[in-house]
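Chemist:
Residue numbers (UniProt numbering): 1 to 409.
1) Can you give the Cα-Cα distance for residue 135 and residue 349, rounded to whole angstroms?
2) Going by the CB atoms, is the gap between residue 59 and residue 274 shorter than 8 Å?
3) Using only the alpha-carbon positions, how far apart do residue 190 and residue 66 sit?
4) In the DSSP output, which residue or residues are listed as bridge partners for residue 274?
5) Could you compute how far the alpha carbon of residue 401 sits from the alpha carbon of residue 253?
6) What is the C-beta distance between residue 367 and residue 359, in whole angstroms, given that I count them as a contact (C-beta under 8 Å)?
7) Please check the pair residue 231 and residue 344, which I expect to be a contact at CB under 8 Å, by giving their CB distance rounded to whole angstroms.
8) Excluding five sequence neighbours on each side, which residues of the same chain lie with their C-beta closer than 7 Å to the C-beta of residue 75?
9) With DSSP run on the structure shown, which of helix, strand or coil describes residue 117?
10) Suppose contacts are defined by Cβ-Cβ distances below 8 Å. Is residue 49 in contact with residue 119 by that definition?
11) In whole angstroms, give me the CA-to-CA distance for residue 225 and residue 92.
12) Please classify residue 87 as buried or exposed, where buried requires at least 16 other C-beta atoms within 10 Å of its C-beta.
13) Can you pull the DSSP bridge partners for residue 201?
14) So if DSSP puts residue 366 in a beta bridge, which residue, or which two residues, is it bridged to?
15) Which residues does DSSP list as the beta-bridge partners of residue 343?
16) Note down, in chain order, each residue of its chain lying with its Cβ closer than 8 Å to the Cβ of residue 57, except the 5 sequence neighbours on either side.
17) On the premise that residue 149 lies in contact with residue 142, defined as a C-beta separation below 8 Å, what is that separation, rounded to the nearest angstrom?
18) From residue 229 to residue 251, what distance separates their C-alpha atoms?
19) For residue 25, collect the residues of the same chain with a Cβ closer than 7 Å to its Cβ; drop the 5 residues on either side in sequence, then sort them by chain order.
20) Thinking C-beta only, is residue 202 closer than 8 Å to residue 268?
21) Please report how far the alpha carbon of residue 303 lies from the alpha carbon of residue 364, in whole angstroms.
22) In whole angstroms, what separates the C-alpha of residue 212 from that of residue 297?
23) Decide if the segment 376-392 is in contact with the segment 270-286; the criterion is three or more beta carbon pairs, one per stretch, under 8 Å apart.
24) Taking C-beta to C-beta, are residue 335 and residue 221 nearer than 8 Å?
25) By Cβ distance below 8 Å, which residues in the same chain neighbour residue 107 in space, the five residues on each side in sequence not counted?
26) Just list the residues that DSSP pairs residue 75 with in beta bridges.
27) Would you report the Cα separation of residue 394 and residue 301, rounded to the nearest angstrom?
28) How far does the alpha helix (DSSP H) with residue 329 in it reach, from first residue to last?
29) Who are the near neighbours of residue 277 in its chain, counting only those whose CB is closer than 7 Å to its CB and skipping five residues on each side?
30) Ends of the beta strand (DSSP E) at residue 383?
31) At which residues does the beta strand (DSSP E) containing residue 292 begin and terminate?
32) Ignore the nearest five residues each way along the sequence and tell me which others in residue 390's own chain have a CB closer than 6 Å to its CB.
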């Protein structure tokens, strides 16, 4: 990770970040106000999580023997009906719970929001947008060295351009381009999964490991070239049905993955390296997969050093349809009995210099990262090293013991 701010800047920077967090509280819910939203909250009184629904700006605990986990809610015959009608207990406003989700300001005696998944597998699709694809090729060619990236970026753009959005992966045209790149000595494993017949699907993190809104998000301390990846994340049942979606940050260590794709596990799966939330928006009469296909994501990074970065990712430019990516993940070839969430990838690939010219963007400690979309709300997290983030201690075994003690199993 990049350098932390100098001490003389920290006081003002912290105040600025806290003001941004406060300003974002009202944006947690989708702007249209008609969403069916579910999530999870930590209840200090029972030392465990609750399944919650958002109704009229209030967070309702709907945990029961029928839905002790988010997995059970998603696997129910009608999750929307449960979210809208199940009996529950009001535990506070969404604004209050999000405010208490901020680790810097948390009151441990009051509830806060968690990542909105529990027993589901956390999967991700890579290289699903052309911009992301080209940046992965650049990482590989540069061997993780950001200083070489500028020249390589120009060379690749001159050879194949930067608009492959109409190229269907696995098509005859895609295979013809593959041969041209092989002949030019420019073929890459990233181009293989970007325009070849098979999508890249990998495990982003273990079940229960994702962090939620307001939590610190982790960058491995050994990384000096890394970036956020704002993504739409679909919720999928054990039968392979897509039932909703949320926001996610698929943090990436560009220098680590750039050295070797075989280091993908180290580049992607570290403590607190995946953020999800704030809620899952369930598919209902007014919201469905077509809204996912047309979603527009905005990202803002605010550094304690005064650095600002903005960007966006348009799902309209994805090269593989979300349904196809889900089919590549779950089916006769692979089952997920507790369901899964699948991060769909991003077109966001920051190249704006931060500090040294030509070395592009990398995170600094205490960066504030906000990912937002009109129909999904806003997900805000603060960057620290994975080693400095709170360790992950509450896994599946702890969840089962807690639910059993509460007589919910």
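Note that beta-carbon positions come from the ideal geometry of N, C-alpha and C, so glycine has one too. Note that the structure is a prediction, hence the values are computed from the model and not measured.
Modeler: Reading from the atomic positions:
1) Locating residue 135 in the chain shown gives position 135, counting from the first residue. Locating residue 349 in the chain shown gives position 349, counting from the first residue. Distance between the alpha carbons of residue 135 and residue 349: 7 Å.
2) Translated into the one-based positions of the chain shown, residue 274 becomes position 274. Translated into the one-based positions of the chain shown, residue 59 becomes position 59. Not a contact, by the Cβ cut-off of 8 Å.
3) Here residue 190 refers to the residue found at position 190 of the chain shown. Here residue 66 refers to the residue found at position 66 of the chain shown. Rounded to the nearest angstrom, the two C-alpha atoms are 44 Å apart.
4) One-based indexing of the chain shown puts residue 274 at position 274. Answer is 250.
5) Mapped onto the chain shown, residue 401 falls at position 401. Mapped onto the chain shown, residue 253 falls at position 253. Their backbone Cα atoms lie some 35 Å apart in a straight line.
6) Taking the chain shown and counting its residues from 1, the one referred to as residue 367 is at position 367. Taking the chain shown and counting its residues from 1, the one referred to as residue 359 is at position 359. Actually they are not in contact, since the Cβ atoms of residue 367 and residue 359 sit about 16 Å apart, beyond 8 Å.
7) Here residue 231 refers to the residue found at position 231 when the chain shown is read from its first residue. Here residue 344 refers to the residue found at position 344 when the chain shown is read from its first residue. That pair is a contact at about 6 Å.
8) Looking up residue 75 in the chain shown gives position 75. For residue 75, where only same-chain residues beyond five positions count, the Cβ hits under 7 Å are 237, 238, 339.
9) Residue 117 sits at position 117 when you count from the first residue of the chain shown. The three-state reading of DSSP puts residue 117 in coil, since its state is none of H, G, I, E or B.
10) Looking up residue 49 in the chain shown gives position 49. Looking up residue 119 in the chain shown gives position 119. Not closer than 8 Å, so no.
11) The count along the chain shown starts at 1 and reaches residue 225 at position 225. The count along the chain shown starts at 1 and reaches residue 92 at position 92. Approximately 40 Å between the Cα atoms of the pair.
12) Along the chain shown, one-based indexing puts residue 87 at 87. Exposed is the call here.
13) Residue 201 sits at position 201 when you count from the first residue of the chain shown. For residue 201, which the question treats as bridged, DSSP gives the partners 125.
14) Within the chain shown, residue 366 is the residue found at index 366, counting from 1. Note: residue 366 sits in no beta bridge, so no partner.
15) Working through the chain shown from its first residue, we reach residue 343 at position 343. Its beta-bridge partners are 124, 233.
16) Translated into the one-based positions of the chain shown, residue 57 becomes position 57. Result list for residue 57: 29, 93, 94, 95, in chain order.
17) Translated into positions along the chain shown, residue 142 becomes position 142. Translated into positions along the chain shown, residue 149 becomes position 149. That belief holds up - the Cβ atoms of residue 142 and residue 149 are roughly 5 Å apart, short of 8 Å.
18) Position 229 of the chain shown, counted from the first residue, corresponds to residue 229. Position 251 of the chain shown, counted from the first residue, corresponds to residue 251. Cα-Cα distance, rounded: 6 Å.
19) Translated into positions along the chain shown, residue 25 becomes position 25. Because the pLDDT at residue 25 is just 38, under 50, the model does not fix this residue reliably, and the value given afterwards should be weighed accordingly. The residues are 95, 98, 99.
20) As a working note, residue 268 is residue 268 in the chain shown. As a working note, residue 202 is residue 202 in the chain shown. In contact: residue 268 and residue 202 (Cβ atoms closer than 8 Å).
21) Counting from 1 along the chain shown, the entry for residue 303 is found at position 303. Counting from 1 along the chain shown, the entry for residue 364 is found at position 364. Distance between the alpha carbons of residue 303 and residue 364 is about 7 Å.
22) Counting from one through the chain shown, the residue named residue 212 turns up at place 212. Counting from one through the chain shown, the residue named residue 297 turns up at place 297. Approximately 18 Å between the Cα atoms of the pair.
23) yes
24) Locating residue 335 in the chain shown gives position 335, where the first residue counts as 1. Locating residue 221 in the chain shown gives position 221, where the first residue counts as 1. Not closer than 8 Å, so no.
25) Reading the chain shown from its first residue, position 107 is the one you call residue 107. Counting only Cβ-Cβ distances below 8 Å, and skipping sequence neighbours, we find 100.
26) The count along the chain shown starts at 1 and reaches residue 75 at position 75. In DSSP, residue 75 forms no bridge with anything.
27) The sequence position of residue 394 within the chain shown is 394, counting from 1. The sequence position of residue 301 within the chain shown is 301, counting from 1. Residue 394 and residue 301: Cα-Cα distance of roughly 29 Å.
28) To locate residue 329, count along the chain shown from 1; it is residue 329. Taken as a continuous stretch (DSSP letters only), the alpha helix (DSSP H) holding residue 329 covers 322-329.
29) Stepping through the chain shown from its first residue, residue 277 is reached at position 277. Excluding residues within five positions, the ones whose Cβ falls inside 7 Å are 39, 113, 115, 116, 212, 213, 246, 247, 379.
30) For the purposes of this step, residue 383 is taken as the residue at position 383 of the chain shown. Unbroken beta strand (DSSP E) run through residue 383: 377-385.
31) Within the chain shown, numbered from 1, the residue matching residue 292 stands at position 292. Where residue 292 is concerned, there is no enclosing beta strand (DSSP E), although the alpha helix (DSSP H) it sits in stretches over 289-293.
32) Start at 1 with the first residue of the chain shown, and residue 390 comes out as number 390. None.
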